[in-house]
């Protein structure tokens, strides 16, 4: 079976950096680069997460690359665009258009609709009352991995902590006209890079995740364009199936008893 590095909660494991309980300090006589977990790197991601928690709605367009791990061990890169429109805490629309598939996910506060336009089918399943809880339930109960879930976990106030093995400042990069500070992190299952805006609101500019549990080390990357004051009407979060589109049942994940 081919495995696509999706950048979602299932693929990334413990990629929840906000509030990490680590000893982020410099030792006497050591240069900052010699400290495995730099205080500034932890503070940067905490500040980013804190700012995301202030947003009541946003639209973000992510240009993505994702490694598809084939059965023969070869990595094939999949390019695409993911567009997210979110009105917190309980409205979400995600459009995925990449080299492998086209999908639209719509969450209206009570149900999730998964629509495949090129296949002419859709499915619906019940969901909890927040975006973050819905992302977890979709993956655990139905095997549906919503893209870029980390944006919502960073923005959730009850995000669980994670142990950082490495956290450090790399440098500065110009991304789409913004100077972004580049940080690198390591957790148990992944190497993570984040570029965060240096000036103004500390929004993420880019994210790269390498799955270190696989020998091939597949990676996922996303570069973001943000609109933090969008007009998101209620109609955006509804779904009326086009003529000829068939509803199919959403299958539950089968677990061993």
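Numbering (full-length UniProt numbering), first residue to last: 1 to 257.
Ideal Cβ placement from N, Cα and C applies to all residues, glycine included.
So, at 7 Å on beta carbons, what are the nonlocal neighbours of residue i in its own chain, with the 5 sequence-adjacent residues on each side left out?
i	result
residue 144	114, 138
residue 200	none
residue 80	64, 96, 97, 98, 99
residue 218	5, 67, 69, 75, 211
residue 198	172, 179, 180, 181
Give the range of the beta strand (DSSP E) segment to which residue i is assigned.
i	result
residue 222	219-227
residue 82	75-87
residue 116	111-116
residue 67	57-69
residue 98	91-98
residue 165	Where residue 165 is concerned, there is no enclosing beta strand (DSSP E), given that its DSSP letter is neither H nor E.
residue 124	121-126
Which same chain residues, not among the five before or five after residue i, have their C-beta less than 8 Å away from its C-beta?
i	result
residue 182	169, 170, 171, 172, 173, 193, 194, 195
residue 202	44, 47, 48, 51, 196
What's the gap between the Cα of residue i and the Cα of residue j?
i	j	result
residue 165	residue 38	11 Å
residue 244	residue 45	46 Å
residue 148	residue 142	17 Å
residue 68	residue 119	21 Å
residue 239	residue 226	24 Å
residue 88	residue 213	33 Å
residue 128	residue 167	34 Å
residue 86	residue 52	12 Å
residue 191	residue 133	25 Å
residue 150	residue 246	31 Å
residue 241	residue 232	20 Å
residue 237	residue 90	10 Å
By the DSSP assignment, the alpha helix (DSSP H) with residue i in it spans what residues?
i	result
residue 212	Careful: residue 212 lies outside any alpha helix (DSSP H) and carries neither H nor E.
residue 248	Neither: residue 248 is in no alpha helix (DSSP H) and is coded neither H nor E.
residue 42	39-52
Identify, in the order they occur along the chain, each residue of the same chain with its Cβ nearer than 6 Å to the Cβ of residue i, setting aside the five sequence neighbours on each side.
i	result
residue 124	111, 113
residue 100	78
residue 222	62, 64, 207
residue 41	167, 168, 169, 183
residue 251	none
residue 163	none
Going by DSSP in three states, residue i sits in which element: helix, strand or coil?
i	result
residue 237	helix
residue 145	coil
residue 30	Caution applies to residue 30, whose pLDDT of 41 falls short of 50 and renders its modelled position unreliable; the model cannot decide the point.
residue 172	strand
residue 193	strand
residue 150	helix
residue 132	helix
residue 137	helix
residue 243	coil
residue 230	coil
residue 204	strand
Please confirm whether residue i has its beta-carbon closer than 8 Å to some beta-carbon of chain C.
i	result
residue 99	Note that chain C does not occur in the displayed structure, where there is just one protein chain.
Bridge partners of residue i, per DSSP?
i	result
residue 259	Since the first residue shown for the chain is 1 and the last is 257, residue 259 is missing from the structure and cannot be characterised.
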